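Residue numbers (the working numbering): 50 to 1149.
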């Protein structure tokens, strides 16, 4: 730090001036102020020879990125430090590169050659980091390089690098699913790895890429079971879930003879912990010989035995994974062992409790006995959140039986006094379920609920009424006094569901209360128009039932109620009234159904069955998100059914090496001593793990894999390790050919310019298959990176001269090719007839495009009118496909700023296709659209024919989801496919909106604080008047002018196309060409980028 402070003093105290920026109030907008001088300081610090200065600079750059600043202009200075010897600096450089890899693919491709060198670094951390960054670059064109890098890392000596290779597999699969077959080969190789560090990661990759390939697990099943205890915790969860699915396909159901086992279920559970397993095995096996016995597969037993100790894990997810494995796979008498582990988890955080209780509630429906000893663990504490209380109630209700019901009901009585109304309602429902399930306590529960009807709390009374209604349906004739009591409550209870339940009861059992029912109908008819819809429907039902049973007293009342319902606002009620009138009041037109009106209305109805909401959840795998939501979540793997016949167990047999059969210990010792000599991986993996990988379990994993997993060693292992050097040579050759493949499109475009190589190029094109095209800038950027890093590679070559003299030669050849390529790339722009593209690193192009923009500004005063603020003719065009890369087809696009009629949330993109070739182009269309989440595309209509020399236009719509992420797709003709992408400037993500001055001020006042960004600027010499400011702002962003009384203030307003978020911009001019730009936006990221774009428009 002393060196850093000295450097800052040298620079004139830049640190003291700049550092307070970190402490700014975010609402002030100060964190977005641009300080270009600081960037110069950072570049000098990155170019210095001191690692401490480089580290400080990288920390500040990463901090800038975290605060939303754009640090892409530092890319050349940062990328030079990829070769830095300081690991801390290198790690931060990798963080930076991953950040800009996706949005600035051309810049990311610069560093690929550096990462390829990093893959050969002697330090395992550097090799792993290089692979991690390489796999994070989401560019389809480097898929072959990524594939070769993963294959090489899968054979690395360090288990940490092999683990990183396993992590890279799902990333590559999501980028290019067509690589699945090759990735499966790598997964198969990594599954055979004997280190615990790799096991969890490769199984995760297996689950992501090819979960259906169960055959890959056969040979590794026993090894995975034996390594399980030493794998890291999250790896254990993944492996256990995978093995659960595997076991369901490979083993028989252990509960086939369930009837025999049920007799001893309770006895075996109450044994002591020490003798538990022995007793269970004796009792389970003793009675079975009477019929065809079930014999458990030894591999099935191995899985159960090796997962059982993990019930004591400190990680709740591991305990839950083992619990679900036992629930789905273990014999019924053995499942009880998981109860203690799950009850222990109830002392964890409320989030863990919630998940565990969801699973326990499902288990208690089928395996009630195993949780009965822990009944008190599910008693509710006053500090529990409501959702935990409700789940504990569910478990207690499921556990209720004749022996413990009195205890549980006493608990419920206490819970009813709680202040938590939702919990009280759930308790009353639980009492109802207990009464339904256990007939002995039905009357007791009913009397208790009737007492609750006099409770002061209306919600308690309402819930009690609903539950009583369900209970009375079981024995209505015994409880007419309760029905009378509930009829009196209609004057007091106002909760719609409770009133509807009372009316249904009175109507259903009106013969038990013949005097009270008509009076209730009279009262309800008075208040009919003020009742809720659910109550009105029950009043109509009550009137119909009373008309059928007691028409003398209720005929006029019924007609009155039906007339009221006839003109009700709700069409359901009108329909019901019309239907019932035709049914119960016979007329000439009424059909045959009116004869059966009594049977229809007064039929005996079955009593409702009060069931647990968790009854059918066990068809989802316990512990999964789908089980938690009770709905199939994305990526969920169905739990397979047990097979009818046992699959062949020999598929899991592994060939035992000959040396393990030797009886002499001396021979074994000799082999163990010799093995490090023959195999580099075995000899070096131990020290590298403990020294470099910073993993506590790494050294132990070698012991575990050597002792526990010795049975799964293959005889071919030594031969594989012996041929390792040959494989490396082949991989180097493949890597070089992959590089050449990347460079071929550019080399083909070079040969177009030289007539001598024309024939050779045609021959190559005939031989080669269709390849994915890539932009010429990518190759140019690759050559620049290799030149900038040539000094570092020379110094490394001197260090490695003794070890790898041959390895330093291959990189020398591409340099020559790339220098030749650079000459042709510089000439490409000479052929370009269109305006320069929006991403152009050369200053000459920037200046020329600026001239064309300024020429477009020379308009008459009529341009001030709103209609001509954004002339469509002056729209900036962007190049989508160059004619050389498109083999005669060139495509440009612009944002027309017109509404896209098929979908208002999409931005209209106008595309112009020009066929400069000699042949006609047919069937122009889009394919393989790849978008970020939330984005959508409306494809342009297919252009069937574009004759040579002709031009065609088409319009497509893109919903960018209020982000500047690119929309990637393939532009296809009848013979070729071109990868292209459209990336919008932030100003094109808006549509203009008209506001008055007062509305503008009101909306601006609501978007203060962190939603307001302010910047001071010096206006360009040609941008000092109001007209020029308006023209430049509306050219940079699709905003409309807001009228303003002040001459020195220009206001603009718009909304984002997708979400409709308001965007307000204000430019206030001051003396001496200074001005202040203020942007108010609901979306901070949009506001930040807009400030930057408008600043550039006004200052250049």
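For every residue, glycine included, the Cβ atom is placed at its ideal position computed from N, Cα and C.
Nothing here was measured: the structure is a model prediction, and the numbers come from that model.
Which of helix, strand or coil does DSSP assign to residue i?
| i | result |
| --- | --- |
| residue 1008 | strand |
| residue 686 | coil |
| residue 1019 | strand |
| residue 291 | helix |
| residue 1089 | strand |
| residue 616 | coil |
| residue 1103 | strand |
| residue 1130 | strand |
| residue 1074 | coil |
| residue 203 | helix |
| residue 664 | coil |
| residue 230 | helix |
| residue 96 | helix |
| residue 485 | helix |
| residue 428 | coil |
| residue 362 | coil |
| residue 502 | coil |
| residue 1144 | helix |
| residue 379 | coil |
| residue 163 | helix |
| residue 1123 | strand |
Give me the Cβ distance between residue i and residue j, rounded to the nearest whole Å; I'm assuming they're in contact under 8 Å.
| i | j | result |
| --- | --- | --- |
| residue 1056 | residue 1131 | 7 Å |
| residue 957 | residue 1006 | 6 Å |
| residue 218 | residue 191 | Their Cβ separation, rounded to whole angstroms, is 16 Å, which puts residue 218 and residue 191 out of contact at 8 Å. |
| residue 377 | residue 297 | 7 Å |
| residue 1167 | residue 651 | Nothing can be reported for residue 1167: it is not among the residues displayed for the chain, which extend from 50 to 1149. |
| residue 103 | residue 94 | 7 Å |
| residue 210 | residue 249 | About 15 Å separates the two Cβ atoms, so there is no contact after all. |
| residue 510 | residue 532 | About 16 Å separates the two Cβ atoms, so there is no contact after all. |
Considering only heavy atoms of the ligand MN, does any lie closer than 7 Å to the CB of residue i?
| i | result |
| --- | --- |
| residue 574 | The ligand MN is not part of this structure, which contains no ligands at all. |
Could you spell out the range, first to last residue, of the beta strand (DSSP E) harbouring residue i?
| i | result |
| --- | --- |
| residue 1028 | 1026-1031 |
| residue 1117 | 1111-1118 |
| residue 1067 | 1061-1067 |
| residue 927 | 927-930 |
| residue 970 | 970-979 |
| residue 1039 | 1039-1041 |
| residue 945 | 938-948 |
| residue 985 | 985-987 |
| residue 190 | That residue, residue 190, is in no beta strand (DSSP E); it is neither H nor E in DSSP. |
| residue 992 | 992-995 |
What residue range does the alpha helix (DSSP H) around residue i cover?
| i | result |
| --- | --- |
| residue 596 | 582-598 |
| residue 403 | 399-415 |
| residue 961 | That residue, residue 961, is in no alpha helix (DSSP H); its beta strand (DSSP E) goes 956-964. |
| residue 342 | Segment: none, residue 342 is in no alpha helix (DSSP H) and carries neither H nor E. |
| residue 114 | 100-115 |
| residue 8 | Summary: the structure shown does not reach residue 8, with the chain confined to residues 50 through 1149, and so no result is reported for it. |
| residue 256 | 245-258 |
Please confirm if residue i has its CB atom under 8 Å from at least one CB of chain B.
| i | result |
| --- | --- |
| residue 590 | Looking for chain B here will not work: only one protein chain is present. |
Contact between the stretch 579-596 and the stretch 622-635: three or more CB pairs below 8 Å? yes
Cβ contact check for the stretch 686-705 and the stretch 401-413: 3 or more pairs under 8 Å: no
Quick one: which unbroken alpha helix (DSSP H) runs of 4-plus residues sit fully inside the stretch 505-536? Chain order, please. 507-521
Inter-stretch contact at 8 Å, needing at least 3 Cβ pairs: the stretch 537-546 / the stretch 674-688: no
Tell me, please, whether the stretch 1041-1055 touches the stretch 998-1013 by the rule of three or more beta-carbon pairs shorter than 8 Å. no
Determine contact between the stretch 985-1003 and the stretch 969-976, defined as no fewer than three beta-carbon pairs at a distance below 8 Å. yes
Would you call the stretch 380-390 and the stretch 428-436 touching, i.e. three or more CB-CB distances under 8 Å? no
Does the contact criterion of 3 or more C-beta pairs under 8 Å hold for the stretch 1133-1147 versus the stretch 123-135? no
At least three beta-carbon pairs within less than 8 Å, the stretch 128-141 to the stretch 173-190: yes
Any chance the stretch 1017-1029 sits against the stretch 927-936, with 3 or more Cβ pairs inside 8 Å? yes
Between the stretch 972-991 and the stretch 1069-1081, can you find at least three pairs of beta-carbon atoms closer than 8 Å? no
Could you check whether the stretch 502-519 touches the stretch 470-481, counting it as contact only if at least three pairs of C-beta atoms, one from each stretch, sit closer than 8 Å? yes
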